[in-house]
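K.L.:
Note that the protein sequences, when read in sequence, are chains A and B. According to full-length UniProt numbering, numbering within the first sequence proceeds without interruption in unit steps and concludes at 341. According to full-length UniProt numbering, numbering within the second sequence proceeds without interruption in unit steps and concludes at 341. Backbone N, C-alpha and C define an ideal beta-carbon position, used for all residues, glycine too. Because the structure is a prediction, the values reported are computed rather than measured. The structure is given below, and queries will be raised subsequently.
Protein chains: 2
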Amino acid sequence: MNLKTLSEKLGLSQTTISRALNDYPEVSEATRQRVKAAALKYNYRPNTRAQRLATGRAMAIGHVIPMSNNQEMVNPIFGDFIAGAGESYSKAGYDMLLSVVQDKDEEATYRAMASKGSVDGVIVHGPHKNDPRIKLLQELGLPFVVHGRSMGDETSYSWLDINNGRSFQRATNLLLDLGHKRIALLNGDETMDFAARRRSGYEDALRKRGFAPDSTLTFSAEMTEQFGYETAKRLLQGMRPPTAILVSSYITAIGVRRAIGRAGLMLGRDVSVVTHDDDLSYLRNGDDIPSFTATRSSVRNAGRRCAEILLQSIATGNGQPVQELWETELMLGDSTGPAPS
Amino acid sequence: MNLKTLSEKLGLSQTTISRALNDYPEVSEATRQRVKAAALKYNYRPNTRAQRLATGRAMAIGHVIPMSNNQEMVNPIFGDFIAGAGESYSKAGYDMLLSVVQDKDEEATYRAMASKGSVDGVIVHGPHKNDPRIKLLQELGLPFVVHGRSMGDETSYSWLDINNGRSFQRATNLLLDLGHKRIALLNGDETMDFAARRRSGYEDALRKRGFAPDSTLTFSAEMTEQFGYETAKRLLQGMRPPTAILVSSYITAIGVRRAIGRAGLMLGRDVSVVTHDDDLSYLRNGDDIPSFTATRSSVRNAGRRCAEILLQSIATGNGQPVQELWETELMLGDSTGPAPS
DNA sequence: CAAATCACCCAAAGCGCTTTGGTTTTTCAA
DNA sequence: TTGAAAAACCAAAGCGCTTTGGGTGATTTG
Chain A
1 MNLKTLSEKL
11 GLSQTTISRA
21 LNDYPEVSEA
31 TRQRVKAAAL
41 KYNYRPNTRA
51 QRLATGRAMA
61 IGHVIPMSNN
71 QEMVNPIFGD
81 FIAGAGESYS
91 KAGYDMLLSV
101 VQDKDEEATY
111 RAMASKGSVD
121 GVIVHGPHKN
131 DPRIKLLQEL
141 GLPFVVHGRS
151 MGDETSYSWL
161 DINNGRSFQR
171 ATNLLLDLGH
181 KRIALLNGDE
191 TMDFAARRRS
201 GYEDALRKRG
211 FAPDSTLTFS
221 AEMTEQFGYE
231 TAKRLLQGMR
241 PPTAILVSSY
251 ITAIGVRRAI
261 GRAGLMLGRD
271 VSVVTHDDDL
281 SYLRNGDDIP
291 SFTATRSSVR
301 NAGRRCAEIL
311 LQSIATGNGQ
321 PVQELWETEL
331 MLGDSTGPAP
341 S
Chain B
1 MNLKTLSEKL
11 GLSQTTISRA
21 LNDYPEVSEA
31 TRQRVKAAAL
41 KYNYRPNTRA
51 QRLATGRAMA
61 IGHVIPMSNN
71 QEMVNPIFGD
81 FIAGAGESYS
91 KAGYDMLLSV
101 VQDKDEEATY
111 RAMASKGSVD
121 GVIVHGPHKN
131 DPRIKLLQEL
141 GLPFVVHGRS
151 MGDETSYSWL
161 DINNGRSFQR
171 ATNLLLDLGH
181 KRIALLNGDE
191 TMDFAARRRS
201 GYEDALRKRG
211 FAPDSTLTFS
221 AEMTEQFGYE
231 TAKRLLQGMR
241 PPTAILVSSY
251 ITAIGVRRAI
261 GRAGLMLGRD
271 VSVVTHDDDL
281 SYLRNGDDIP
291 SFTATRSSVR
301 NAGRRCAEIL
311 LQSIATGNGQ
321 PVQELWETEL
331 MLGDSTGPAP
341 S
């Protein structure tokens with residue numbers, strides 16, 4: 001069923017049908033009802049492809065998921081972020097277009113999206129420090145919102161980020177307050193903006209208390225469970241093991257917990273752990289007694305909001321950038337306690 | 001830059017440009033080179049929307065991600081599956097269209113996809129027993145591949161599944177061989193096909209050894225970490241705790257491990273655990289010494305292959321269904337040992 | 001009561017491609 | 001040298017919508 005046959009069936013012009021369905025005022029209420037009823041009856045829906053060509057809008061938002069070709073890892077927060085964003089898109093009648101690409105093909109993917117017109121905007125995932133994608137997208141004139149942000153010029157584009165620096169500063173302070181002096185940091189890849197900021201927050205807190213950051217206690221890698229396990233294991237077997245560990249990801253913290261258990265130590269007594277928690281749906285940190293003390297922020301809400309910001313900036317068409325910095329929640333759980341003497 | 005202006009620049013017809021770029025034979029090699037060079041120079045790429053209207057193909061595959069509105073949970077395997085599928089799509093020049101929808105809106109979503117023509121086919125995620133989506137898609141004439149399958153008529157459509165029954169039967173046998181007599185099952189939602197089959201495998205193994213399945217030892221719920229923790233905790237505090245636990249998801253197994261640790265017991269000695277392992281990229285079960293004894297199958301490979309099957313069936317256009325049943329790998333890890341006496 | 005306005009509807013022109021059905025050149029065997 | 005076949009190109013017709021720019025009666029307005 002297409003417009004033409006439907007219009008013939010109803011004895012109306014295609015124009016009128018189109019207007020009736022799109023709620024234009026130039027059509028009488030009676031006709032509109034008749035048209036809508038017929039559309040329902042014949043299960044007619046405008047062909048998306050034709051609609052998009054005619055309107056010049058793709059009605060789709062692109063998400064480019066970069067994949068480091070060495071690790072081939074998909075960020076576990078991705079599913080929840082997408083779920084949040086998906087909600088916003090559904091509401092607005094937009095589609096979500098996903099491209100999983102190798103790091104090196106990312107630029108080409110954006111260029112292609114822009115010149116082929118397959119999307120009206122994109123969400124940028126996992127920004128690095130001074131991320132070149134930002135300038136690229138600005139040149140291409142493709143609307144975008146960054147989940148996170150990128151050190152450098154932060155005022156010229158839209159982003160939504162959590163306050164990573166402050167968040168880890170507070171977490172470090174909490175551990176210092178508990179008397180911990182040797183605090184390890186298991187951070188994400190520090191070429192990424194969020195990880196760099198978290199390290200700054202951690203180091204700032206230490207310095208303010210007169211501790212010099214100890215480079216033998218900080219680690220930076222992709223945040224897998226195994227990274228947490230192996231690093232913590234090595235640390236705990238060392239000569240002067242830390243009494244507290246600050247971790248950038250819940251998954252990695254699980255690995256840390258495993259190592260602590262294996263070493264016959266008790267989490268929260270022998271070793272304290274604070275982790276960041278993205279509030280993933282399948283990995284809730286307990287609403288009653290959180291099993292980890294954590295800095296929490298819902299990545300799903302972030303997804304929802306990023307999408308909203310992008311859709312709105314597309315709708316209004318003004319290039320006015322929107323920035324949102326969310327504070328995290330510092331939740332006390334069972335994984336922290338006073339430093340052992 | 002569009003076809004028209006490019007053709008004017010080159011003094012050729014739009015037809016010739018189009019054919020040159022699409023490698024049709026009706027164009028001289030010299031011209032083809034000239035056209036391709038010009039396209040590169042002016043950064044011309046055919047407009048996707050126009051191309052799709054003209055060809056009548058969407059060049060996109062839909063993934064409908066159902067979300068149970070009570071739990072609002074995104075399946076953690078989703079990211080890896082998508083990554084795998086994405087690879088296949090990229091290779092073939094297809095886009096991936098994601099819709100995150102509430103369970104109840106799923107039928108409407110499929111209907112809309114079919115009548116709007118926004119995709120050429122879909123992947124069905126998380127099939128239930130006698131899943132109504134299968135009949136729906138067949139009626140709609142929308143090509144599809146099911147990740148998993150649905151009890152009932154299994155020969156009339158394409159699917160790719162792992163041998164869940166056999167897999168859990170083997171896992172149960174392993175535990176029985178180790179002398180375990182009280183084996184608990186922490187299963188996924190048993191209205192889902194995979195979970196139902198796993199239970200059957202588990203029960204079959206028990207019965208074959210003369211044990212009657214004990215309904216106080218089996219649990220079925222969404223596979224979160226918390227489900228694992230709380231259920232295991234309760235079990236271990238009970239009068240006659242199981243000596244072994246069979247778990248349907250790695251994430252849930254992590255919760256089980258946490259409960260075992262909390263109870264002051266040792267995994268693999270006091271309590272044995274076998275879990276299914278989807279081989280998620282951020283949660284590798286160790287290539288050297290797996291921390292869990294597990295039935296493993298890569299969900300990423302499954303994604304890759306599902307996409308291939310779908311693309312191929314779209315390309316050939318024959319309705320010949322393809323079915324693949326993958327065996328899982330039973331990996332011995334540290335989490336199992338002889339039943340304590 | 002004529003003129004202006006309004007409410008409704010329509011024909012046709014795009015949107016930017018692909019593809020059909022030619023036409024014009026070249027090539028090559030007879 | 002000629003005629004047929006092959007090679008290379010082109011004009012124009014879709015694809016299925018939206019939107020522009022009218023029309024045509026009915027209703028107000030001065």
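(1) Going by other Cβ atoms of all chains shown within 10 Å of its Cβ, with 16 needed for buried, is G93 (chain A) buried or exposed?
(2) Can you name the residues of chain B whose CB is closer than 7 Å to the CB of F78 (chain A)?
(3) G62 (chain A): which of A:T48, A:Y42 and A:V124 sits nearest, CA to CA?
(4) Can V64 (chain B) and T109 (chain B) be called in contact, C-beta distance under 8 Å?
(5) Alpha carbons only, please: which of B:P66, B:F168 and B:N285 is nearest the one belonging to E106 (chain B)?
(6) On a Cα-Cα basis, can you pick out the residue from A:K129, A:V122 and A:H128 that is closest to residue 342 (chain A)?
(7) Can you tell which of B:L330, B:L310 and B:G238 has its C-alpha closest to the C-alpha of D278 (chain B)?
(8) Going along chain A, which residues have a C-beta under 7 Å from L175 (chain B)?
(9) Hey, quick one: how far does the beta strand (DSSP E) through E154 (chain B) stretch, first residue to last?
(10) Can you name the residues of chain A whose CB is closer than 7 Å to the CB of V299 (chain B)?
(11) What is the DSSP secondary structure of E26 (chain A), reduced to helix, strand or coil?
(12) Could you tell me the boundaries of the alpha helix (DSSP H) in which G303 (chain A) lies?
(13) What does S18 (chain A) touch in chain B if you count any residue whose Cβ is under 7 Å from its own?
(14) Does Q320 (chain B) have its Cβ less than 8 Å from a Cβ in chain A?
(15) DSSP puts H63 (chain B) in a beta bridge; with which residues?
(16) Quick one: grab the DSSP three-state call for F78 (chain A).
(17) Quick check: is the beta carbon of L97 (chain B) nearer than 8 Å to any beta carbon in chain A?
(18) Taking 8 Å as the CB-CB cut-off, is G261 (chain B) touching chain A?
(19) Determine the DSSP secondary structure at S248 (chain A), reduced to helix, strand or coil.
(20) Residues in the same chain with beta-carbon distance under 7 Å from A221 (chain A), minus the five sequence neighbours each way, listed in chain order, please.
(21) Check whether the Cβ atoms of M96 (chain B) and L97 (chain A) sit closer than 8 Å, and answer yes or no.
(22) Using only CA atoms, which one of B:A30, B:R296 and B:P25 lies nearest to L10 (chain B)?
(23) What does the Cβ neighbour count give for R258 (chain B), buried or exposed, with the cut at 16 atoms within 10 Å?
(24) Going by alpha carbons, who is nearest to L40 (chain A) out of A:R52, A:N2 and A:A58?
(25) CB-CB under 6 Å to E324 (chain A), same chain, minus the five flanking residues each way: which ones, in chain order?
(26) Going along the chain, which unbroken runs of the alpha helix (DSSP H) with 4 or more residues stay wholly within the region 220-266 of chain A?
(27) Taking only beta-carbon atoms, is Y24 (chain A) less than 8 Å away from chain B?
(28) Does the beta-carbon of P76 (chain A) have 16 or more other beta-carbons within 10 angstroms, so that it is buried, or is it exposed?
(29) Could you check whether S313 (chain A) and R322 (chain A) sit closer than 8 Å to each other, using their CB atoms as the reference points?
(30) Where N285 (chain A) and G255 (chain B) are concerned, what is the direct C-alpha to C-alpha distance, given to the nearest angstrom?
(31) What residue range is occupied by the uninterrupted alpha helix (DSSP H) comprising F168 (chain B)?
(32) Let's see if you can read the secondary structure: which residues bound the alpha helix (DSSP H) around E327 (chain B)?
(33) Helix, strand or coil: which one does DSSP assign to G319 (chain A)?
(34) Going along the chain, which residues of the region 276-289 of chain B sit with their C-beta nearer than 8 Å to a C-beta in chain A?
(35) Which residue comes first and which comes last in the alpha helix (DSSP H) that contains I17 (chain B)?
(36) Taking N164 (chain A) as the reference, which of A:G333, A:T336 and A:E327 has the closest Cα?
P.N.:
Here's the rundown:
(1) The residue given as residue 93 (chain A) occupies position 93 in the first sequence. Exposed, because fewer than 16 other Cβ atoms sit within 10 Å of the Cβ of G93 (chain A).
(2) For the purposes of this step, residue 78 (chain A) is identified with residue 78 of the first sequence, where counting begins at 1. Neighbours of F78 (chain A) on chain B, chain order: G79.
(3) As a working note, residue 62 (chain A) is residue 62 in the first sequence. Among A:T48, A:Y42 and A:V124, the Cα nearest to that of G62 (chain A) is on A:V124.
(4) Stepping through the second sequence from its first residue, residue 64 (chain B) is reached at position 64. Stepping through the second sequence from its first residue, residue 109 (chain B) is reached at position 109. Yes, Cβ-Cβ distance for V64 (chain B) and T109 (chain B) is below 8 Å.
(5) Stepping through the second sequence from its first residue, residue 106 (chain B) is reached at position 106. Of the listed residues, the one whose Cα sits closest to E106 (chain B) is B:P66.
(6) With chain A covering only 1 through 341, there is no way to say anything about residue 342 (chain A).
(7) For the purposes of this step, residue 278 (chain B) is taken as residue 278 along the second sequence, with counting starting at 1. If we check each option's Cα against that of D278 (chain B), B:L330 comes out closest.
(8) The count along the second sequence starts at 1 and reaches residue 175 (chain B) at position 175. Result: empty, since nearest Cβ-Cβ is about 22 Å, beyond 7 Å.
(9) Within the second sequence, numbered from 1, the residue matching residue 154 (chain B) stands at position 154. Element bounds for E154 (chain B): n/a, residue is neither H nor E.
(10) Translated into the one-based positions of the second sequence, residue 299 (chain B) becomes position 299. None at all; the shortest Cβ gap to chain A is about 11 Å.
(11) Residue mapping note: residue 26 (chain A) aligns to position 26 of the first sequence, counting from 1. Of the three classes helix, strand and coil, the one that applies to E26 (chain A) here is coil, per DSSP.
(12) Within the first sequence, the letter at position 303 stands for residue 303 (chain A). First-last of the alpha helix (DSSP H) with G303 (chain A): V299 to T316.
(13) Within the first sequence, numbered from 1, the residue matching residue 18 (chain A) stands at position 18. Here the premise fails: no neighbours, minimum Cβ distance about 15 Å.
(14) The count along the second sequence starts at 1 and reaches residue 320 (chain B) at position 320. No, no contact with chain A.
(15) Position 63 of the second sequence holds residue 63 (chain B). Beta-bridge pairing links H63 (chain B) to B:L98 and B:I123.
(16) Counting from 1 along the first sequence, the entry for residue 78 (chain A) is found at position 78. Helix, per DSSP.
(17) As a position in the second sequence, residue 97 (chain B) is number 97, starting the count at 1. Cβ-Cβ to chain A under 8 Å: yes for L97 (chain B).
(18) The sequence position of residue 261 (chain B) within the second sequence is 261, counting from 1. For G261 (chain B), the answer is yes, since a Cβ of chain A falls inside 8 Å of its Cβ.
(19) By 1-based counting over the first sequence, the position of residue 248 (chain A) is 248. Three-state result, S248 (chain A): coil.
(20) Taking the first sequence and counting its residues from 1, the one referred to as residue 221 (chain A) is at position 221. Correct list, in chain order: D189 and F227.
(21) Position 96 of the second sequence, counted from the first residue, corresponds to residue 96 (chain B). Position 97 of the first sequence, counted from the first residue, corresponds to residue 97 (chain A). Taking 8 Å as the Cβ cut-off, M96 (chain B) and L97 (chain A) qualify as a contacting pair.
(22) Along the second sequence, one-based indexing puts residue 10 (chain B) at 10. Among B:A30, B:R296 and B:P25, the Cα nearest to that of L10 (chain B) is on B:A30.
(23) Position 258 of the second sequence, counted from the first residue, corresponds to residue 258 (chain B). Classification of R258 (chain B): buried, given that the 10 Å Cβ count is 16 or more.
(24) The residue you call residue 40 (chain A) lines up with position 40 of the first sequence. Out of A:R52, A:N2 and A:A58, A:N2 has the C-alpha closest to the C-alpha of L40 (chain A).
(25) Taking the first sequence and counting its residues from 1, one reaches residue 324 (chain A) at position 324. Excluding residues within five positions, the ones whose Cβ falls inside 6 Å are L160.
(26) 225-237 and 250-262
(27) As a first step, residue 24 (chain A) is located in the first sequence; it is residue number 24 there, counting from the start. No, because no Cβ of chain B sits closer than 8 Å to the Cβ of Y24 (chain A).
(28) Mapped onto the first sequence, residue 76 (chain A) falls at position 76. Buried is the call here.
(29) Numbered from its first residue, the first sequence carries residue 322 (chain A) at position 322. Numbered from its first residue, the first sequence carries residue 313 (chain A) at position 313. It should be noted that the sequence gives Val, not Arg, for residue 322 (chain A). Yes, the Cβ-Cβ distance between V322 (chain A) and S313 (chain A) is below 8 Å.
(30) Within the first sequence, the letter at position 285 stands for residue 285 (chain A). Within the second sequence, the letter at position 255 stands for residue 255 (chain B). Looking at the two C-alpha atoms, the distance is approximately 11 Å.
(31) Taking the first residue of the second sequence as 1, we reach residue 168 (chain B) at position 168. Per DSSP, F168 (chain B) belongs to the alpha helix (DSSP H) from N164 to D177.
(32) Residue 327 (chain B) sits at position 327 when you count from the first residue of the second sequence. No alpha helix (DSSP H) contains E327 (chain B), which DSSP labels as neither H nor E.
(33) Translated into positions along the first sequence, residue 319 (chain A) becomes position 319. If DSSP states are grouped into helix, strand and coil, G319 (chain A) belongs with coil.
(34) L280, S281, Y282, L283, R284 and G286
(35) Residue 17 (chain B) sits at position 17 when you count from the first residue of the second sequence. Unbroken alpha helix (DSSP H) run through I17 (chain B): Q14 to L21.
(36) In the first sequence, counting from the first residue as 1, residue 164 (chain A) sits at position 164. The candidate whose alpha carbon is nearest that of N164 (chain A) is A:E327.
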